[in-house]
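Enquirer: This is the structure I want to talk about, given as structure tokens.
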Amino acid sequence: MGFLVEIFSIPISKKYVASTLSLANFIKLNFKLISLILPLLLSFISYGFWLKVNYFIEQPKIKFTKDYLIWFETETESTNIFWSTFQNYNDKYKKNLNIPSLQFIEMDNNFDKIIDSTQIEMTFQNVTKNRITKVFFAILFETILDYRVHWNFKTFVMEEFMSFNNFNQINCFGDLYLESVNEYVDMKDNNENLTINGDINVNITHFKRNVKNEKYYLKAKRFYCDTLLLSNTSDIKVSFEFTNPQQIIFYKTNALELLKWALVQYITFAILIRASLNQILKFLCVNEILDTWIEE
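In this text, residue positions in the sequence shown follow full-length UniProt numbering: the first is 1, and each later residue adds one.
Put into structure tokens, the structure is as follows:
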């Protein structure tokens, strides 16, 4: 006598039926109504249904535009040093102008076509009085996002450094992070760039207060500077090294994305609620709690 083996199988289906005017049919209709309305209510009161601001993680593409402004304060105001790539500011501070030599290099450490760090070096040669006490700089970068949103904006990083000891060489370091006055990126602002040359109020104080208060700017986090005072030189040397890490980007969602997330939430809740109600209805029928019978 051999072992039993399955040759063919047919699933046995049981159909529980009831009168249209029965309690069982009333409960079934209410369960269907609940499975349609309850997911909508849960989605409506949840955060995701009104997800006007969302976020993602991206390493922005940050490129040096070769536009910048730098201001040195010395022991006497008459020997302060200034240079920028903005003609209206150069006209304002023409008595303080000193043209530097500029070198920069952009590094892609992992060959993913995204700049990981930028090194900028400036040398002001043959400065009569090169004992610096304070430096203010503003460097313009082009910032591009293309992972979740397509966004392009020219953004400044600007910092101020003061020392009680004189110096003529300064090396600054920091990590660049995209910041927004509204705490999120709005895709409607795409390709809207700063117009520095059109400024009417042309002075350093105005630049510090107003240009950085545009919608977007780059914040140099973990920013610090090392200074040196070299006695055998008449030059001023400045170097910046900025890294470009991954960061959390908050952005303003559009109507289409808002509708998409609402639909995803509704479908998810509907599947879970309908499955739960079906299990309850099955329990009531199998245990003969409702006035149903099996149709032969």
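C-beta: ideal position from N, C-alpha, C; glycine also.
Within a Cβ cutoff of 7 Å, which residues of the same chain sit near Gly174, ignoring the five residues on either side of it in sequence?
Expert: The residue labelled residue 174 in the question sits at position 174 within the sequence shown. Ala220, Lys221, Arg222, Phe223 and Phe242.
Enquirer: Could you check whether Phe82 and Tyr68 sit closer than 9 Å to each other, using their CB atoms as the reference points?
Expert: Working through the sequence shown from its first residue, we reach residue 68 at position 68. Working through the sequence shown from its first residue, we reach residue 82 at position 82. Going by C-beta atoms, Tyr68 is not nearer than 9 Å to Phe82.
Enquirer: Taking three-plus beta-carbon pairs below 8 Å as touching, is the stretch 250 to 266 in contact with the stretch 201 to 217?
Expert: Touching, no.
Enquirer: Specify the secondary structure class of Phe111 as computed by DSSP and reduced to three states.
Expert: Sequence index remark: in the sequence shown, residue 111 carries index 111 (1-based). Phe111 falls in the coil class under three-state DSSP.
Enquirer: Could you compute how far the alpha carbon of Leu145 sits from the alpha carbon of Phe111?
Expert: Looking up residue 145 in the sequence shown gives position 145. Looking up residue 111 in the sequence shown gives position 111. Whole-angstrom Cα-Cα distance: 18 Å.
Enquirer: Going by DSSP, which residues form a beta bridge with Cys285?
Expert: Start at 1 with the first residue of the sequence shown, and residue 285 comes out as number 285. In DSSP, Cys285 forms no bridge with anything.
Enquirer: Are Glu58 and Arg148 closer than 9 Å when you measure CB to CB?
Expert: If you number the sequence shown from 1, residue 58 lands on position 58. If you number the sequence shown from 1, residue 148 lands on position 148. Taking 9 Å as the Cβ cut-off, Glu58 and Arg148 qualify as a contacting pair.
Enquirer: Per DSSP, which one or two residues make a beta bridge with Tyr224?
Expert: Within the sequence shown, numbered from 1, the residue matching residue 224 stands at position 224. Phe173, per the DSSP bridge assignment.
Enquirer: Whole angstroms is fine: what's the gap from Phe124's alpha carbon to Ile70's?
Expert: Here the question's residue 124 lines up with position 124 in the sequence shown. Here the question's residue 70 lines up with position 70 in the sequence shown. Taking the straight line from one Cα to the other gives about 11 Å.
Enquirer: Assuming Glu121 and Phe64 make a contact with CB atoms under 8 Å, what is their CB distance in whole Å?
Expert: If you number the sequence shown from 1, residue 121 lands on position 121. If you number the sequence shown from 1, residue 64 lands on position 64. Not quite, the Cβ-Cβ distance comes to about 12 Å (not below 8 Å), so this is no contact.
Enquirer: Enumerate in chain order the residues of its own chain whose CB-to-CB distance from Val17 is below 6 Å, with the five nearest sequence positions on each side excluded.
Expert: The sequence position of residue 17 within the sequence shown is 17, counting from 1. So the list reads Glu295, once near-sequence residues are dropped.
Enquirer: Would you kindly check if the distance between the Cβ of Phe136 and the Cβ of Thr118 is under 9 Å?
Expert: By 1-based counting over the sequence shown, the position of residue 118 is 118. By 1-based counting over the sequence shown, the position of residue 136 is 136. Contact: no.
Enquirer: At the level of alpha carbons, what is the spacing between Asn190 and Thr79?
Expert: As a working note, residue 190 is residue 190 in the sequence shown. As a working note, residue 79 is residue 79 in the sequence shown. The alpha-carbon atoms of Asn190 and Thr79 are separated by roughly 41 Å.
Enquirer: Using the DSSP secondary-structure output, state which residues sit across from Thr123 in a beta bridge.
Expert: Translated into the one-based positions of the sequence shown, residue 123 becomes position 123. Its beta-bridge partners are Ser101 and Lys237.
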